[in-house]
Structures are given as structure tokens and as C-alpha cells.
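What follows is a set of notes on a single structure, which appears directly below.
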Amino acid sequence: MASSKPDLEFHEALLDTYSDEEVIYHVNQSPNLIATRTESIRVLSHHLVAKSIPWPQNHHDEIDAMEKARSVGVNVPAVCRIIPFPDGNHLIVMERIHGETLEQLWPRLGLWATIHIAWQLRSFISALRTVNSQKTGGLHSGKVHSEWIQGINIPVPHASPSLFCDYLNWWLVKARPSNCLPLPQLLLSPPREHVLVHQDLAPRNMILDSSGHLWLVDWGRSGFYPAFMEGMEGPERAMPWLATRSLTAWWARIRWSLFCLIACGYSHMHSKGRAALAIVRQRSLRFRLEKPVHSVRY
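Residue numbers (the UniProt record's numbering): 1 to 298.
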């Protein structure tokens, strides 16, 4: 007998009763979310959105990180349903946060609003640092997913802080000695434990709701890492228009620098860690086939 055609209208209250096929149908019929750009997120309804997690990314990593963050007081969308695909992809249906991203708001934010939002973000980062682990990577898979590591041989899953530190240090002093100058002054010491970091605190991933509350979205790169891996992008990368030569852009750059300073603070250790990460990224991108210590190819 032929299967019935799904209801053409999606009803939020029926989310738990829909079959996986019906939810997928409605997601495919839904428009993309539009902020300053067209996002890959689909708008299912007034209160729900859907995000696709392509294989081989592990959807549990993002979901577990969101649940941990929510448990320590960070404003994070609630996950409502998970839909598996036969090809290994997954769909996460989650709460829709109404508001504007910081990327949208930044041109018209005043100084005091900037400071107020920065303090909210600072409290979130402090809360995330209370979630710690003796492992590295995604909370479920242990796989390292970071823009700072571009080689095809990444740290072994669930690496200890010591093993992960050895991996980073290998790029600083042992990678291609005939091509790369050893940088012993940047050698890192392993922390006692890793903390939960979002790792993609771009303005597009921060939403301010109508009540003035900050929300963090897109936890796809989150995991357990050294605290210095939680940082903010430079102004021109965070919002390219800040590189323009105008009074508006200049004032926006000043506010972004202040925002980052308040939210993330400053420490010599973190500054050194970020400098080391920049070298690791550069070298692992140039010599992607290298096999560092304590690494594995997926």
C-alpha cells in the first residue's frame, strides 16, 4: 500500500509524533535562516530550526557540549530531536533563538551596550572553564576539530593534556627541520586539565534576544582543550567591513578590541599559547602530510 503524503503544514506540537521521514520532508521544504548571510540552518517554524551535521562529524559532540554548557548557566538553544540519515548524516532540531547576531548589531551598538554584552560573554567563558577533563577533543568522540590544526594526521582521540601538548610542541621544534626554524621559546607546558571551549566565538554565533540576553550558537567545534584555545577573532576577520577606512569602521574596531579584552581577558600564558597555535596552523597547513607524535589519520 502506498504511503500517505506528509501534511504540507508543519505543526510544532506534533514534532515528537512525526516519523523521521516526515521531519526530513518538512526540513527540506523549509527556508534557510537569513542573518547577514544565508545560513545552512533551516527555519522549521516560529520556535524551531534544523541543523544538518554531515558525516564524519559526530553529532553527539555538539549535542553533549551544548548540554554541558547549559548545565553551567550558558544560554544555549535546547535540542528537541535528532534525526539520523542512512548515509551517516544527522539532523538536529533545536530551539530557535529570536534576535539579532552581534554581526548584525555591531554597526549600531553603543559603548555601554558593548560593555554589557562583553560581561555576559565573560561570565559564559568563566562558566565553561568550570567544566574540565583529562581528555582532549569532542566530548563524545574525542576527535580534535580545530582550525589551528590543518594536517591530515590529528591528535589521537581522547588524548591527555600531556599528549596533546607534545603534539603541538612537535610542530614548533621538530616539524621539517630543513624547512622550519625550531621555536623553543614557544614550547608549551601541559595544563593540569582541559576545559570546555566553544572555539568559534565569531559575531555571527552570538545572538542578542529582545530581552538583552546573549546566546551562543553553533557548537560544532567545541570540545575539551587548553583554555588558551578559546579566543576571539581579530576585527577584520570577525567582520571584514571593519577593515574599511571610515570613522564608523574605526569606532567599531575600537569597540571590538574592548569587547574581546573584557570577554576573554589577557594573560601572558594565553598570549604565548595563541602565538604557538598560529605557528602550528601555518606549518600544519603547509606540510599537511607530516606525521607528528601521538597522531592518527582518519
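For each residue, glycine too, the CB sits at the ideal point set by N, CA and C.
Nearest to residue i (by Cα), restricted to the options the options
i    : options                : result
P84  : S19, M66, W112, E95    : S19
P203 : R192, R237, I92        : R237
V131 : H198, L14, V27, N205   : H198
R297 : S52, L48, H59, H145    : H145
R122 : C260, L188, L183       : C260
Q120 : G212, P191, L163       : G212
R283 : W250, L183, L188, S271 : L183
R70  : W170, A127, I115       : A127
A78  : A65, G88, E230         : A65
P191 : Q104, P56, H270, S295  : H270
A275 : E193, I254, L188       : L188
Beta-carbon proximity of residue i to residue j, cut-off 8 Å
i    : j    : result
V147 : R281 : Checking the displayed sequence, the identity of residue 147 turns out to be Glu instead of Val. Closer than 8 Å, so yes.
Q134 : P177 : no
L285 : Q185 : no
G223 : G138 : yes
P226 : G273 : yes
A249 : L258 : no
L208 : L102 : yes
Y47  : E12  : It is worth fixing the name first, because residue 47 is His in this sequence and not Tyr. In this structure, E12 lies closer than 8 Å to H47 by Cβ.
C264 : M229 : no
One or two residues paired with residue i in a DSSP bridge
i    : result
P155 : S295
V79  : M94
G223 : V197
M206 : L216
N132 : V195
V49  : V43, M94
P84  : H90
Whole-Å CB distance - residue i paired with residue j, under 8 Å assumed
i    : j    : result
A175 : F287 : 6 Å
H90  : I53  : 4 Å
L216 : N75  : 7 Å
A35  : Q104 : 6 Å
Do the stretch 101–111 and the stretch 14–34 make contact, defined as three or more Cβ pairs closer than 8 Å? no
Using a Cβ distance threshold of 8 Å, determine whether the stretch 42–50 contacts the stretch 94–106, with at least three qualifying pairs required. yes
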